[in-house]
Amino acid sequence: MPQMVWSTRPDGFHDYFNARWYEFTGVPDGSTDGEGWNGMFHPEDQDRARELWEQSLRTGQPYEIEYRLRHRSGVYRWTLGRAVPLKDGDGRITRWFGTCTDIDDLKRMEQHKEVLSQELSHRIKNIFAVVSSLIALSARKHPEAVPFARDLRTRVGALARAHEFVRPHTDVSRPTVGDMTLHAFLADLFRAYAAEDGTPRVILKGDDAAFDDQAATSVALLFHELATNAAKYGALSMPEGRVILTTETRDDRFVLTWVEEGGPTISHEPRHAGFGSSLASLSVENQLGGKLERRWEPQGLILTADLPSTALSRRRAAARTSETR
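Below, the structure is given as structure tokens:
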């Protein structure tokens, strides 16, 4: 079979590797039994592989790791290692069965994707920087436009920061939100749409929430799309228009309600959902596991995003779950 398969005694002593293992590694039969298996990994991965394996032996939890395994050519190739325990009727582990899957081509594609993503992001950030510089240079020639230029640069800066969250990310490039709360994140995102005197036009009300980078992209996509549409066609397209964004904890749910006021009167619901609307739905329903509802009232759009309470801070939720086990 194409998969590398191995098994161990209950104490973790490796005593079986299939023919594919020896074909891939090129080592003599039996040479990786016992502790010899760990020497097949890249030196930088050996301690991590041993520690995770010992943890699985102590806890009985499945083993899963990505490491670099030495190929018969002498080159280290990225490999996905997995193992699960076999238990008897009394719940005692009688053996461990594991596999190794060559994922080197996939890892290289991910690295190539990361390079392209970083290059694209760098170019876009440069465009924001150039636009900001052009605004500043133009203001020097027209002193009367300095207040306007200052406000415009603030908006461009806010959009540049939002770009860091809405662009495609890998695990390496994903920005860190840290201890930022949802309200702080949204306030930063909406700064580009403030009034000329700096007064926010998207008013945040209600319960704040812990927030991490796993939810940042989806939330930024949703509200960047809503704010952009409101600025083009809705409440934010009118000087007196504004948006009330209410966030509320309801048992095991977290509900966000976007209400537009003071914009152009809406006479009917849009006949077709555009790409942006589809993207917003994808962010809420597929990425955050929630439900999205839109209502077009005469005074403006009302949108409700009903999310699981764990959707905005998945790491904390995972930590709490592990603590209760």
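Residue numbers 0 to 324, in numbering that gives the first Met the number 0, belong to the letters of the sequence shown in order.
Using N, Cα and C, we set each Cβ at its ideal position, and we do this for glycine too.
As the structure is a prediction and not an experimental result, all values here were calculated from the model.
Looking at the strands, I want to know which residues DSSP matches up with residue i.
i      : result
PHE184 : Partner(s): none; PHE184 has no beta bridge.
VAL258 : ILE243, ILE301
LYS204 : THR245
LEU221 : Answer is none; LEU221 lacks a bridge partner.
GLY289 : Looking at the DSSP assignment, GLY289 forms no beta bridge with any residue, so it has no partner.
HIS13  : THR7, GLY33
ALA193 : None; ALA193 has no bridge partner.
ALA209 : THR180
Compare the beta carbon distance of residue i and residue j with 7 Å and say whether it is the shorter of the two.
i      : j      : result
PHE253 : SER217 : no
ASP28  : ASP14  : no
ARG81  : THR98  : yes
LEU278 : PHE222 : no
VAL114 : VAL130 : no
VAL258 : ILE301 : yes
MET39  : PHE23  : no
VAL201 : LEU244 : yes
LEU181 : PHE210 : yes
ASP46  : ARG76  : no
LEU344 : ILE134 : In the structure displayed, the chain extends from 0 to 324; residue 344 sits before or after that span and is not available.
GLY299 : GLU260 : yes
ARG67  : ASP44  : yes
SER282 : LEU220 : yes
LEU291 : ALA310 : no
ALA138 : ALA148 : yes
PRO61  : VAL26  : no
DSSP on residue i, reduced to helix/strand/coil?
i      : result
ARG294 : strand
PRO42  : helix
SER120 : helix
ARG19  : helix
ILE265 : coil
THR198 : coil
VAL26  : coil
THR7   : strand
ARG252 : strand
PRO307 : strand
PRO238 : coil
GLY33  : strand
SER282 : helix
SER277 : helix
ARG47  : helix
ARG270 : coil
GLY156 : helix
PRO146 : helix
SER312 : coil
GLN2   : coil
THR320 : The pLDDT assigned to THR320 is 41, lower than 50, so where the model puts this residue is not dependable, and the model offers no usable value.
GLN54  : helix
Measure how close the beta-carbons of residue i and residue j come, nearest whole angstrom, since I'm counting them as under 8 Å.
i      : j      : result
ALA208 : THR246 : 7 Å
LYS86  : THR93  : 7 Å
TYR192 : ALA226 : 6 Å
ALA234 : GLY205 : Going by Cβ atoms, the distance from ALA234 to GLY205 rounds to 19 Å, so no, they are not a contact pair.
PHE96  : SER6   : 5 Å
ASN37  : ARG19  : Between ARG19 and ASN37 the Cβ distance is about 19 Å, and since that is not below 8 Å, they are no contact.
ILE64  : LEU56  : Wrong, their Cβ atoms sit about 14 Å apart, outside the cutoff.
ASN297 : THR248 : The residue asked about is misnamed: residue 297 is Pro in this sequence, not Asn. Wrong, their Cβ atoms sit about 30 Å apart, outside the cutoff.
If we define contact as Cβ-Cβ less than 7 Å, is residue i a contact residue for chain B?
i      : result
ALA194 : Looking at the structure shown, chain B is missing, and only one protein chain is on hand.
Is it the case that the CB of residue i approaches a heavy atom of the ligand ZN more closely than 6 Å?
i      : result
LEU221 : No copy of the ligand ZN appears in this structure; indeed no ligand is present at all.
Quick one: complete beta strand (DSSP E) runs, 3+ long, within the stretch 62-116?
Secondary structure remark: continuous beta strand (DSSP E) runs of at least 3 residues inside the stretch 62-116, in chain order: 62-69, 75-86, 92-101.
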